[in-house]
Each structure stands twice: as structure tokens, then as C-alpha cells.
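One structure is given here, and the rest of the page talks about it.
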């Protein structure tokens, strides 16, 4: 299905007589990203697909293909959670092992998923793209209130090397200061043993008043 999207994009661009650079400008994405999508090296985001539909007046064709790609590449049990996550008004996330997925940088996510051994090498980039797509909910007009409680060890563990970790910590600082609906707190190592060390979890609250407690798997 990823190859199908790439083929449709190449065909639509050729039919419109557009270069990759012209398409990139029309989509407000980089030429490098357009090139990677056209060669199936990068999974298109939902926003990318919708912009393709707008540029080529494709009546939702690219969005439909993108959604099928997402269904194929997301781990089956995770699909229900992904839907819940998008509909919540508040998320309370405790994480003693790694940075929460909604707060991860691309480099950190890639290093974490590569080192975790849960996915084959050819699945890593698709999982990274899926994770980054989820983060779009933080930039919505009415994003959920995200409260992330992170163990200090998470910030001291060098995932992906010093540069990747430095970028990740800077990203957390930026999110905490630039996004009023994102609150990040750290449990210091001096706290010793405390409730929650049994594993990461998320408490999701919906507008209906329903609350869902979900153990976190797949490293974010």
C-alpha cells in the first residue's frame, strides 16, 4: 500500500506537469520529503495526504490510501488506543522508562525503536512516522491537556547518543514552555521507591466523562 501511494503521487505529479520542487512548494513540504514519499522511503502523514488531495483535486483519494497504510503499519492492538488518544480531552502519562511517545523527537523515537528489538529493520521508519503523526494532536486548536510525569532516569539514559539526547531534552524544554497544554514533571532519583515503578501507564479522559487506564507498550 505504501508503494501504491508513491505510484499515485508520481502519476498525479507527472499528469499535472509538476517537478518535485514545484510539488514540494505547493504542499509546503521539503523537496527531500516529497522525494522520499515518491520512492516509498517515508510514509506520508495524514496532513501530507490531505494536501496532495487539495493540490491535485483528488477528491480524498490520497487520504484514503494513507489511512489504509496506517491501518496496515500500526500494531493491531494499538489501533484502538490511537483512536482513543485522538479523542481525549486530557492525558495523564507516567513514564519510568522512556520519554512519552507524544513528546519524542524523530531521532529519539528511531533510536528507541531500533534498540527495543520489537520491529524488523524495514518496519522501523513506518513506526517512527506513525509516532510523529500522533503528535499532531498537540498542535490542534483545542489540544488535550497532557500531563507527563517522567522518572529522572529517563532523562539521564543516553538513547541514540549524546546529540540525540541533547536534542530530545531541548525539545522537552520547548514543549513545556511553548505549549500551555503540555505539563512536564520529573520524579527525582532521590524519591527512591514510589508508586508507579511497576510500569508506564496513561490515564485518558474523554469529553463524555469516561476515563480509560492504559498500560503503555511499544516504548511510547
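In the UniProt record's numbering, the protein residues as written are 1 to 220. Cβ atoms here follow ideal geometry from the backbone N, Cα and C, with glycine treated the same way.
Beta-carbon contacts of residue i that lie in its chain and below 6 Å, excluding the five residues immediately before and after
i           : result
residue 189 : 152
residue 54  : none
residue 144 : 88, 89, 90, 91
residue 63  : 49, 50, 53
residue 28  : none
residue 247 : Because the chain here runs from 1 to 220, residue 247 falls outside it and cannot be looked at.
Rounded straight-line distance, which links the Cα of residue j to that of residue i
i           : j           : result
residue 48  : residue 208 : 31 Å
residue 94  : residue 45  : 27 Å
residue 135 : residue 150 : 18 Å
residue 68  : residue 101 : 22 Å
residue 187 : residue 194 : 9 Å
residue 215 : residue 108 : 21 Å
residue 105 : residue 185 : 18 Å
residue 201 : residue 6   : 36 Å
residue 211 : residue 56  : 41 Å
residue 25  : residue 18  : 10 Å
residue 141 : residue 204 : 19 Å
residue 304 : residue 41  : Limits of the chain in this structure are 1 at one end and 220 at the other, which puts residue 304 out of reach.
residue 16  : residue 133 : 28 Å
residue 170 : residue 128 : 19 Å
residue 61  : residue 11  : 13 Å
residue 181 : residue 163 : 27 Å
Burial state of residue i, where buried means 16 or more other Cβ atoms lie within 10 Å
i           : result
residue 177 : exposed
residue 77  : With a pLDDT of 48 at residue 77, under the threshold of 50, the modelled position of this residue cannot be trusted, and the question is left open.
residue 88  : buried
residue 172 : buried
residue 125 : buried
residue 213 : exposed
Neighbourhood of residue i by C-beta distance below 7 Å, restricted to the same chain and skipping five residues each side
i           : result
residue 165 : 158, 159
residue 199 : 215
residue 84  : 204, 212
residue 131 : 101, 104, 109, 220
Assumed close pair residue i, residue j - CB separation to whole angstroms, cut-off 8 Å
i           : j           : result
residue 119 : residue 113 : 6 Å
residue 103 : residue 175 : 6 Å
Own chain, CB closer than 8 Å to residue i, minus 5 neighbours either side, in chain order
i          : result
residue 20 : 13, 31, 34, 35, 38
residue 4  : 65
Of the listed residues the options, nearest to residue i (C-alpha basis)
i           : options           : result
residue 43  : 24, 154, 2, 215   : 2
residue 196 : 58, 92, 61, 50    : 92
residue 147 : 61, 179, 126, 183 : 183
residue 86  : 206, 62, 210      : 206
residue 168 : 202, 99, 192, 125 : 99
residue 58  : 9, 22, 83, 90     : 9
residue 240 : 204, 84, 96       : Past the edges of the chain, shown from 1 to 220, lies residue 240, and the structure says nothing about it.
residue 161 : 27, 22, 110, 213  : 110
residue 179 : 26, 203, 138      : 138
8 Å Cβ cutoff, residue i in contact with chain D
i           : result
residue 196 : Annotation note: the requested chain D is absent from the structure, which comprises a single protein chain.
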